[in-house]
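Each remark here refers to the structure printed beneath this line.
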Amino acid sequence: MIQMQTSLAVADNSGAKRVVMIMPIGGSTSKIARLGDKIKVTVKEASPDGTAKKGKVY
């Protein structure tokens with residue numbers, strides 16, 4: 001389970017290194033995301049040549 005404000009390491013090629021979960025996306029009203037749920041995140045650390053930029057919400 002992932003709670004709100006949880007810091008996560010990113011494992012893809014977007015350029016983001018560290019993100020923080022803002023909220024789960026979908027019909028759920030809970031503050032917890034489970035396996036397979038989509039989440040909204042903000043980028044806290046990013047590589048300078050990546051497409052994801054610090055402060056953006058995805």
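Sequence positions in the sequence shown follow my numbering and run 1 to 58.
Glycine included, each C-beta is placed from N, C-alpha and C at the ideal position.
Legend entry - Residue-level contact to chain D via CB, LYS54, 8 Å cutoff: The question asks about chain D, but that chain is absent: this structure has only one protein chain.
Inset, instruction - Check each candidate in ARG18, LEU35 and VAL10 and name the one with the smallest Cα separation from MET1. - result: Ranking ARG18, LEU35 and VAL10 by Cα distance to MET1 puts LEU35 first.
Legend entry - 8 Å Cβ cutoff met for ASP60 and GLY15: The requested residue 60 does not occur in the structure, where the chain is confined to residues 1 to 58.
Inset, instruction - May I have the straight-line CA-CA distance separating VAL57 from THR42, to the nearest angstrom? - result: Cα to Cα, VAL57 sits roughly 4 Å from THR42.
Legend entry - Backbone secondary structure at PRO24 - three-state DSSP: strand
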